[in-house]
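As structure tokens, the structure follows; a few thoughts come after it.
Number of protein chains: 2
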Amino acid sequence: MTYGPLPDTDLTRHRRLREQGSLDRADLDAILDAGFVCHLGVIVDGRPMVVPTVYGRGERDLYVHGSVASRSLAGDAPVCVTVTHVDGLVLARSVFEHGVNYRSAMIHGVPRKVTDPDEKTEALRLLTEHAAPGQWDYARAPSRKELAATTVLALSLDVASVKIRTGAPDDGDGPDAALGLWAGTLPLTATWGAPVPDPLLPSGQPVPDHVARREGTRHG
Amino acid sequence: MTYGPLPDTDLTRHRRLREQGSLDRADLDAILDAGFVCHLGVIVDGRPMVVPTVYGRGERDLYVHGSVASRSLAGDAPVCVTVTHVDGLVLARSVFEHGVNYRSAMIHGVPRKVTDPDEKTEALRLLTEHAAPGQWDYARAPSRKELAATTVLALSLDVASVKIRTGAPDDGDGPDAALGLWAGTLPLTATWGAPVPDPLLPSGQPVPDHVARREGTRHG
């Protein structure tokens, strides 16, 4: 795996031991697999545009779909996809040392339009299962017409960078420790709630197991 | 307030009544105030780069700070800042109608470097209080040297767009309703956890009220 230069993500101003890049493909996969919404950066009329969109991860590619794909990415234009999980606030003794615990992956490349029907179907399966495991087999599959109306782009995972910050503030052994202030982290956790039935459902329609069992589980 | 064209955010493929843009400044402020990490899009060497970073909101500007600011945004380069809250999955009867409930704000412009020391201090106060209310007065304030080492950029809130999707799937009154499948939404909520003290703190150091009272509260 070839990594580009690690960008300075600015979630904290200082890169120390607790904030570091990773060259481990497993770290990249873990960050991608923990989410389902990315921020896709494209250049439109010479200006950057950052659009939230869903994605799925394959072995070699990240897949995105839909109208952004078809409209903004018609040519051989470079894109950047960033996935970020915010794990909490880092509350230091000084304002200057405040920061965020997070995991972030950034993927760079020129996406490839998926034209092979089998790969397209598999990409949509990955996209669906990524966000909603079990739904691909449960819900009605895309028709031929729906497939044709969907643009799917594949972005190689070859050029990517990962940054992770974990743990306590960095000023616990500096002069500010003498201030006698509390310091630490405030964790942030995303949790799936109880399924909300569509009001148009007939009463008594049971929630399928693959949906019901996510309630109360952690996301991210 | 002047809004640019509403981008098609692709979080769902179809824009119907449940997914719409807003021209209300209050909606923009609410989305910005509910978060503290944005995705900043810049163009570096002709390629888009999307970087997660913290922000603060003023009356007229969004503020970001730090090394990304100083490195990537030296010139009069256009940027795009996007803030997204994912509120849940939309589980429809057909795969094609699956989507995401979300609130997203996108701000476009050429940022201004903040040079006035008072505005810079106020911007850092907003940044700090935005993420960690109460910390600006509690923690040690930035020294003159720290202030000088910090680049702060202001991005006007004048050109922005907001998109929000809420509610049930869109196929409850279509032909797929006859499939007899469960459909609805699966909410996702971020919650602040219990404060984790820095292991280097002396034992018995009390957690300040403004930190302790966030435990169990919703974020986003």
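Chains A and B supply the protein sequences, listed in that same order. Residue numbering for the first sequence follows our numbering, beginning at 558 and increasing consecutively. Residue numbering for the second sequence follows our numbering, beginning at 558 and increasing consecutively. Beta carbons: idealized from backbone N, C-alpha and C, even for Gly.
- For Thr708/A against His767/A, the beta-carbon gap comes to about 28 Å, at or over 8 Å, which does not count as contact.
- Here Val652/A carries a helix assignment [DSSP, helix/strand/coil].
- Under the three-state reduction of DSSP output, Trp739/A falls in the coil class, being neither helix nor strand.
- Within chain B, no residue has its CB atom less than 9 Å from the CB of Pro690/A, the nearest being about 11 Å off.
- Among the residues of the stretch 751–773 of chain B, those with a Cβ less than 7 Å away from any Cβ of chain A are Pro752, Val753, Pro754, Asp755, Pro756, Leu757, Leu758, Gln762, Pro763, Val764, Pro765, Val768, Arg771, in the order of the chain.
- With its beta carbon less than 8 Å from one in chain B, His596/A belongs to the interface.
- Leu714/B is the residue among Leu714/B, Glu772/B, Thr672/B, Val764/B whose C-alpha sits nearest the C-alpha of Gly615/B.
- When the beta-carbon positions are compared, Leu710/A and Val652/B stay at least 8 Å from each other.
- Listed by position along chain A, the residues whose Cβ is nearer than 8 Å to that of Val719/B form an empty set, because the closest Cβ is around 12 Å away.
- Interface flag for Ile588/A against chain B is unset, since no Cβ pair is found closer than 8 Å.
- Taking CB atoms only, Ser651/A has a neighbour in chain B less than 8 Å away.
- Listed as beta-bridge partners of Pro605/A by DSSP are Ile600/A.
- Ala696/A sits away from Ala734/B, with the two beta carbons spaced by 8 Å or more.
- For the pair of segments examined, the stretch 722–729 of chain A was found to touch the stretch 752–765 of chain B: the number of CB pairs separated by less than 8 Å reaches three.
- Around Ser661/A, the beta-carbon contacts reaching into chain B at under 9 Å are Val608, Pro609.
- Nearest Cα to Glu703/B within the set His655/A, Gly737/A, Val671/A: His655/A.
- Ile664/B is a Cβ neighbour of Ala717/B, given a cutoff of 8 Å.
- For Arg604/B, a Cβ of chain A is located within less than 8 Å of the residue's own Cβ.
- Close to chain A, meaning a Cβ-Cβ distance shorter than 8 Å, are the following residues of the stretch 665–686 of chain B: His665, Leu681, Thr685.
- For Ser579/B, the CB contacts under 6 Å within the same chain, skipping 5 residues up- and downstream, are Val719 in chain order.
- With fewer than 16 other Cβ atoms from the protein chains shown falling within 10 Å of its own Cβ, Ser700/A counts as exposed.
- As DSSP reads the structure, Gln577/B sits in a beta bridge with Ile721/B.
- A residue is called buried once 16 or more other Cβ atoms fall within 10 Å of its Cβ, and Asp602/B, having fewer, is exposed.
- Against chain B, a Cβ distance below 9 Å from Leu743/A picks out Ala689, Trp749, Gly750, Ala751, Pro752, Val753, Val768, Arg771, Glu772.
- The C-alpha of Val594/B lies about 6 Å from the C-alpha of Pro609/B.
- At the C-beta level, Val753/A and Thr742/B come within 8 Å of one another.
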